[in-house]
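Let me begin by presenting the structure, written as structure tokens, before commenting on it.
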DNA sequence: AATGAATGAGTTTTCATTCAT
DNA sequence: TATGAATGAAAACTCATTCAT
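Chains as they are written, first to last, in this note's numbering: chain H, 895 to 1119; chain E, 895 to 1119; chain L, 895 to 1119; chain P, 895 to 1119.
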């Protein structure tokens, strides 16, 4: 009578069930992103999803598990997008490939900042809601693999400095892109500027690309010594 | 009935009054940092501060205003630290000066991540709790000013590429340093590594310094085209 | 999540639901009448009604809305009683009809002074809790209509002075009856008599009837000039 | 160290003390009138009076005693006004004297409805805050005495029906005048008219005078039989 | 699975009153 | 007396969760 998760239904109304789960997860994602795990309300999620509150408990168990499932679905989305990008993106010319990836990440994060918010909130709980299901180890991550291939080519061609740690560089991309959007209000206030304005966003995008590309330059690398 | 702030007392018991406010703010800072505005409990803050709960309402009005005051005190701290650093740090040699600043910011954020957590949470509320009191516009910010001076010298000496936007570069520093610590749990999980381990932290610190320094190289800048 | 009112249930448990609302309203009526909106306690109402406090919030929203609903139910009762009286009362002979009405109002108010107390308290809040639902405009009021008919007959028969404003006269009845019961303690003190004593009540009733009837006399009216 | 009341000071600052008491009582009167004993706030009274909250406790003991003192001062005012009116008003011609008294009461109550509100609230507490100090027994009441004299004259002159109970008639005046102002919001709502509008007030005043005068007519009295 | 109602433990806030100087 | 600070009890309201149908 109280099933934890449920992706194995075979009954006729499976369609509806999946719909309920899906719509609740969608609403939960935006609510949790907006207000955090502590600030979001089960009542409100139920209302906005147009389902009875009890349905949430039936399908997800409790609030924490709903958060878990929501996080999971975020990671699934991320993985799917990463895979899709890696499958389509050319590896060469190397510098172009890197630049494309940076721009893609920036744009993706700008568009889907909900996911970022949600994941950032999870850090408050020290990763307690992370499941094995949703995670990909970076070794498997299609984007890191892609970048690794690109770097290999680029280093060989002398376009990219050798010795740069791919995972660290990937984190640089993520960090620079995420930070801008997740701290836009406080930084705007401190800087007394509207960082959400389209031209400010474009300027930041341009800068991040240039910054990251410059750091890959073989000449620069020698300079750092 | 409701005292705003109070830095003009001259009576003997000034110590106690300030103590109450101060200790509450200290506790509030760590509680809000740890659990967020929504997750923190006024009761718990009062308990941990060893004061009567009503004392919090007497001194700060309500939970939101307490959060406001706490944010304020964070910004004051930041300002004070920035000012102190800028006053003491040499401008030349330029590359050393930049490197020092980066390392300083990394270390500061590692040590005082509470403040960062608090400010990041405020973005959830769209800057609603920011007061004019606590803020510094970046034009006045001692660190940005310092960096500006360093860049000027560095550009003249041909050590730093010209045309780099100081504020954007400053944001790069902040972004790279903050991201690592504020997302350490989820990134650790995704990467299947313990990013909190001392050697991982050291490695990241080294990388960030190298990354940022490389991006300043005049040679690299030419490379970006 | 928050059910407004609910008079359309068809399920078997309708009884219970209505019971909860009904019993809460009953208790609320006497508590609010006794202590006023400000003085009544939600906790106490819940206790006396034998329901969980949250049930009150579930059904009524908040204390103010509970007061609103209570007021509403009072006005419904009044309307029902007015309608019942008007339906049964003969219009003629006119003076008898008026006398009956006065006595009925006096007796009703003596018996149901709760309602009066409640409505009087609402004046403190400037009618803020009045809803359209509960109200009857006096033009529709069965008692005023009845009185109008009686006056018409009475005037034609020369038993009642012509030119007397029916609504004003109706207010006279209400005022005289209500004042006695709602100010019984202070007036008793000032007069150093016990106005609540049965014989005092009877004397007042007799006086009010005589007073009002006298004022209707055609002869008296001429006297006023 | 905690004096109950205090009207026997002989120190130099007696002036100030009386001022404090006076201003607190004034503010308390309007606050209690507006919000009732339960709804008024000691904090707010202190604030509006511009005195320290503790001063209220020093001078009046507690909230209930403050209410008591406020009630007291209201009754003192009433007595003073009654005495002044009775001293100045002519007894004859009788009907004019009655009419004047009615109009005076109506106008007084319209102007000083605060006092009425306060006293009406006290009925909620069953006269528990009434002190002997503030009260006058009706036998002493200058207005009732005055009215008694007027009736005597009027009866002798055949202008006023004999056998009318003076105290009952006095209550009629009070009831009709007070009811209008103390129930103006709810009655306005029920009647769908604005009873606070100047012309409505004037109409009511005119009606009340006529109503009461008519009831005194010897001819009418015979009619009542 | 869906729904309305219920519930108990919390959570913020209020308020009269007292303390200490 | 005057004042800022403190305090504990209570009050309104919230919220995750469960019940019963």
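Glycine is no exception: its CB is placed at the ideal position from the N, C-alpha and C atoms. Source: prediction; values computed, not measured.
Neighbour-count burial assignment, residue 978 of chain P, 16 or more Cβ in a 10 Å radius = exposed
For residue 1024 of chain L, the three-state DSSP class (helix, strand or coil) | coil
What did DSSP end up calling residue 1017 of chain L once you bin it into helix, strand or coil?
-> helix
Helix, strand or coil for residue 1039 of chain P, going by three-state DSSP, please let me know.
-> helix
Would you identify the three-state DSSP class for residue 1066 of chain H, choosing helix, strand or coil?
-> helix
Considering residue 976 of chain L, what are the terminal residues of the alpha helix (DSSP H) in which it resides?
-> 957-982
Per-residue burial, residue 928 of chain P [other beta carbons within 10 Å of its own, 16 or more giving buried] = exposed
Within chain H, the residues that residue 1101 of chain E reaches when beta carbons sit closer than 7 Å | 1059, 1062
Going along the chain, which residues of its own chain have a beta-carbon closer than 7 Å to the beta-carbon of residue 1023 of chain H, five neighbours each way excluded?
-> 958, 961, 962, 965, 1016
For the region 1041-1102 of chain E, list the alpha helix (DSSP H) runs that are entirely contained and at least 4 residues long, ordered along the chain.
-> 1060-1076, 1078-1085
For residue 1034 of chain L, the three-state DSSP class (helix, strand or coil) | coil
For residue 922 of chain H, which residues of its own chain have a beta-carbon under 7 Å away from its beta-carbon, when the five flanking residues on both sides are left out?
-> 939, 960, 964
Selected residue, minimal CA-CA separation from residue 1021 of chain E, among H:1038, H:931, H:1100, H:1081 = H:1081
Amino acids of chain E, ordered along the chain, whose beta-carbon sits closer than 8 Å to that of residue 881 of chain H | Because chain H in this structure spans residues 895 to 1119, residue 881 of chain H falls outside the shown range and cannot be described.
What do you reckon, are the CB atoms on residue 1111 of chain E and residue 1108 of chain H nearer than 9 Å?
-> yes
Assign residue 974 of chain E to buried or exposed, taking buried as 16 or more other Cβ atoms, counted over all protein chains shown, within 10 Å of its Cβ.
-> exposed
Going by C-alpha distance, which of L:1054, L:1044, L:935, L:932 is nearest residue 1113 of chain L?
-> L:1054
Determine contact between the region 949-957 of chain P and the region 998-1012 of chain P, defined as no fewer than three beta-carbon pairs at a distance below 8 Å.
-> no
Comparing alpha-carbon positions, which option in H:969, H:985, H:1071, H:932 lies nearest residue 1051 of chain H?
-> H:985
Within 7 Å of chain E by C-beta, residues of the region 995-1023 of chain H in sequence order = 1013, 1014, 1016, 1017, 1018, 1020, 1021
Does the beta carbon of residue 975 of chain L come closer than 9 Å to any beta carbon on chain P?
-> no
Which word fits residue 935 of chain L, buried or exposed, when buried means at least 16 other C-beta atoms lie within 10 angstroms of its C-beta?
-> exposed
Is any beta-carbon of chain H found at less than 9 Å from that of residue 1066 of chain E?
-> yes
Any C-beta of chain P sitting closer than 9 Å to the C-beta of residue 1080 of chain L?
-> yes
What residue from P:1035, P:990, P:1099, P:1004 has the CA that sits closest to residue 1127 of chain P's CA?
-> Nothing about residue 1127 of chain P can be read from this structure; chain P reaches only from 895 to 1119.
Determine the contact status of residue 1074 of chain P and residue 1065 of chain L, defining contact as a CB-CB distance below 9 Å.
-> yes
Is residue 990 of chain E helix, strand or coil by DSSP?
-> helix
Is it buried or exposed for residue 914 of chain P, if we count other Cβ within 10 angstroms and need 16 for buried?
-> buried
Where the alpha helix (DSSP H) through residue 949 of chain E begins and ends = 947-954
Is the number of C-beta pairs between the region 1095-1107 of chain L and the region 992-1007 of chain L that are closer than 8 Å three or more?
-> yes
Chain L residues whose Cβ lies nearer than 9 Å to that of residue 1070 of chain P | 1065, 1066, 1069, 1070, 1073
Report the rounded CA-to-CA distance for residue 1100 of chain P versus residue 976 of chain L, giving the unit in angstroms.
-> 28 Å
For residue 851 of chain H, is the classification buried or exposed, using 16 other Cβ atoms within 10 angstroms of its Cβ as the cut-off for buried?
-> Lying before the first or after the last residue shown, residue 851 of chain H is absent from chain H, which here runs from 895 to 1119.
Leaving out five residues before and five after residue 993 of chain P in sequence, what residues of the same chain have Cβ atoms less than 8 Å from its Cβ?
-> 1103, 1107
Compare the C-beta of residue 929 of chain H with all C-beta atoms of chain E and state if any pair is closer than 9 Å.
-> yes
Under 7 Å by beta carbon: chain H residues contacting residue 1077 of chain E | 1014, 1017
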